[in-house]
Amino acid sequence: MDPEEPKFPTLPEGVIALVPMRNVVLFPHTLVPIAVGRPKSIAAVQHVQNTGGLLGIVLQRDERVDDPGREQLWDVGTTAKVVQYVGSDEELRHALCQGVGRFRIEALVDGYPFLAARVQLIEEPSELSAQAEALGLQLRQRAAEIITLLPGAPAELAHTLQGVRSPSHLADVVASLLDAEVTDKQMLLEAVNPEERLQKVLKMLSHRIEVLRLSQEIGARTKEQIDDVQRKYILREQLKTIQKELGEEAGSNEDIAQLGELITKAGMPADVESQARKELARLQRMPDSSSEYSMLRTYLEWMTELPWAAPPASPIDLGEARRILETDHYGLERIKQRIVEYLAVQKLNPQGRAPILCFVGPPGVGKTSLGQSIARALGRPFVRVSLGGVHDEAEIRGHRRTYIGAMPGMIVQSLRKAGARHCVMMLDEVDKLSPSAHGDPSAALLEVLDPEQNSTFRDSYLGVPFDLSRVVFIATANVIDHVPAPMRDRMEVIELPGYTQEEKLQIAQRYLVRRQREANGLRDDQCELTVAALQALVAEYTREAGVRQLEREIGRVMRHAAVQIADGTKEQVRIDASDLDAILGPAKFEHETA
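Last residue of the sequence shown: 598 in my numbering, with the numbers rising by one and none dropped.
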């Protein structure tokens, strides 16, 4: 039947037209826009629009199924009024639906151009128990609390929640606002008992509040650390200016005295401190106009800025580690489990020699961010060493001080940057090391990665041993076959596969859209990408194993919206799949359907 010229038969009592949704749960007493693209769904909306009846909105179990049957539909759905219907697009229509009440599907009914079902309406009890009233009061308080924690929450949201008087209705409204999995929301919809529903919503809301509080605490601690670094930098610059005004000789004497204090505070081993004292005495005998003066002073500054002292004990909380991994990464369950096992061994045997992990996978699948998550879980600093294109052994071991412009190697430089001897150091792209006439950098890395040798690692610039045994090394590579065999033998390889389209969609919804919206100066309420738009971006504009290109395409869409908002053309921009052709050009790849 032509969906443009539908017939509108009269439905028997107890039978309603259904629209199965792929990833939207509509709650009673809420207003939700839905995109309608399947012919049967279009016919159902048009039937209700013309007959004035109620529409049944129900979640389907597998969103990949285009024509779901009874077994693909959840039992409980929501009856809705079609407040507004826009059918200008030939392939995709939009309907604004107002949830009315719950229903339970008894059986599907054939013989209509749309999906129809005989349903049983679920009535809300007219009176609630005292327990339900108490839970409603607590839910109202917690809802007001989360609004203060949500960044960019609209001011009218609090007034909207205050206007909902019924506790059971309030539970439905709050459930619709929760950032939760669609299956979790369906469980709330199926909680037909108001008291049970209130308890479940309250539990999910309380968990979300705790997550937001922790996020704010972490952000505040990070800001304090940054402010402290900036303050120290300003003080150092002021100190340099004061020393310059005092004159060269006075400045030199103060420099030597300051270096002596720093050597004392650095916590060096006895033999290393003895070597540093000898060099300091030699510096004191030198005229500051000597060319060697600045070289020796730079050397001593390096010695005093390295983290020689033994690191403090850092307890490992496996529950917090799991939370960090779940927050930072979607999917990758097997890899997360291996990381938790790795952390468990570290917790039980802190002095043991943990295996060196090597994450192998295509670009953009999250190798670096997994290393950052491990560092957060361990409570240690994270530092990344980029080895792509390194072909000189001195880049790893450092240059001897006899050379002009000599510097320590990348390992020592990264340790100073981390500021801790027990940091998490990511050796990025170990498969792109290349030998040359200046030596083989992969051979130098063998000493770094060997637990039997790295406790006495000797950088050519420092000339003294440095203990790397407490550093947690994590390597990354795109192709494991390009990693030299002796290096592979020292590492445990963990494969990171590419993401599926569904995983990319979830990553975009949870992380990429928010990150690009913030990067382009947009608030949450200023620009919205529909699920259909994200699906089109994933399937028709990117074809990669990771999500880097997907994030770039989302950034292009956000910049397009930013222009309209900055010009004052629009106050809010809603991007749908049909808008992408004008923004990004024609689709680059054909859409693949399951």
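Even glycine gets a Cβ: it sits at the ideal position worked out from N, Cα and C.
Whether residue i touches residue j by CB criterion (9 Å)
i	j	result
V80	F107	yes
P315	R474	yes
L287	I267	no
V601	L588	Outside the displayed span of the chain (5 to 598) sits residue 601, for which this structure offers no information.
V542	V487	no
A424	P311	yes
A280	T308	yes
R97	D70	no
M534	A39	It should be pointed out that residue 534 corresponds to Thr in this sequence rather than to Met. Cβ atoms of T534 and A39: closer than 9 Å.
S438	V476	no
V178	A147	yes
Y334	R547	no
Y465	M411	yes
L239	L304	no
V369	A549	yes
P366	N524	no
G140	L216	no
I478	A381	no
A175	V196	no
Euclidean distance between Cα positions of residue i and residue j
i	j	result
E67	Q50	23 Å
S45	A325	44 Å
H490	A448	Correcting the residue type first, residue 490 is Pro in the shown sequence and not His. If I take the Cα positions, the gap works out to 12 Å.
E330	I339	11 Å
E200	I484	52 Å
E337	Y503	12 Å
P198	S170	10 Å
D529	V497	43 Å
G467	S318	30 Å
E149	I213	8 Å
R122	L22	10 Å
V452	F461	7 Å
L153	P32	26 Å
T226	D232	10 Å
Q355	M495	18 Å
S210	L181	14 Å
Q142	L538	37 Å
A441	R405	21 Å
F470	E399	17 Å
P16	R521	48 Å
G255	D292	Confidence in G255 is poor, its pLDDT being 41 and thus under 50, which makes the residue's placement unreliable; the coordinate value appears in the next sentence. One C-alpha to the other measures close to 10 Å.
G323	Q341	12 Å
A134	G105	23 Å
Status (buried if at least 16 other CB within 10 Å, exposed otherwise) for residue i
i	result
Q124	exposed
I222	exposed
N458	buried
Q166	exposed
G572	exposed
V186	exposed
Q220	exposed
I558	buried
K236	exposed
E253	Annotation note: pLDDT 47 at E253 (below 50); position unreliable, coordinate value reported separately. It is exposed - the Cβ of E253 has fewer than 16 other Cβ atoms within 10 Å.
G375	buried
Beta-carbon proximity list for residue i, same chain, < 6 Å, skipping 5 on both sides
i	result
V387	S418, K421, A422, C427, M429
E499	V364
R74	L112
L352	none
R578	E532
P590	none
P129	none
Sequence-distant residues of its chain with Cβ nearer than 8 Å to residue i (five each side left out)
i	result
Y346	A358, P359, L361, I378
Q64	P24, M25, R26, P72, Q76, L77, W78
G392	D432, E433, K436
L35	V87, L100, C101, Q102, G103
D585	A591
I4	With the chain running from 5 to 598 in the structure shown, residue 4 is simply not present.
L526	M562, A565, A566, I569
L284	I260, L263, G264, I267, L304
Own chain partners of residue i with C-beta closer than 7 Å, once the 5 adjacent residues on each side are dropped
i	result
A184	M208
V29	L63, V186, K189, Q190, L193
D454	R494
Any non-hydrogen atom of the ligand FMN within 8 Å of residue i CB
i	result
V90	This structure lacks the ligand FMN, and indeed carries no ligand of any kind.
Runs of beta strand (DSSP E) wholly within the segment 110 to 196 (minimum 3 residues, chain order)
Counting only unbroken stretches of 3 or more residues, the beta strand (DSSP E) elements lying wholly within the segment 110 to 196 are 120 to 126, in sequence order.
Ignoring anything shorter than 3 residues or poking outside the segment 395 to 432, list the beta strand (DSSP E) runs there in chain order.
Correct list: 428 to 432.
Kindly provide the ranges of any beta strand (DSSP E) runs that are 3 or more residues long and lie completely inside the segment 17 to 47, ordered along the chain.
If we require 3 residues or more, the beta strand (DSSP E) runs fully inside the segment 17 to 47 come out as 19 to 25, 35 to 40.
Alpha helix (DSSP H) runs wholly inside the segment 456 to 504, at least 4 long, in chain order:
Assignment of alpha helix (DSSP H) within the segment 456 to 504, counting only whole runs of 4 or more residues, yields 489 to 492 in chain order.
Write down every uninterrupted run of the alpha helix (DSSP H) in the segment 258 to 298 whose length is 4 residues or greater and which is fully enclosed by it, in chain order.
Runs of alpha helix (DSSP H) with 4 or more residues, each lying fully within the segment 258 to 298, are found at 274 to 289, listed in chain order.
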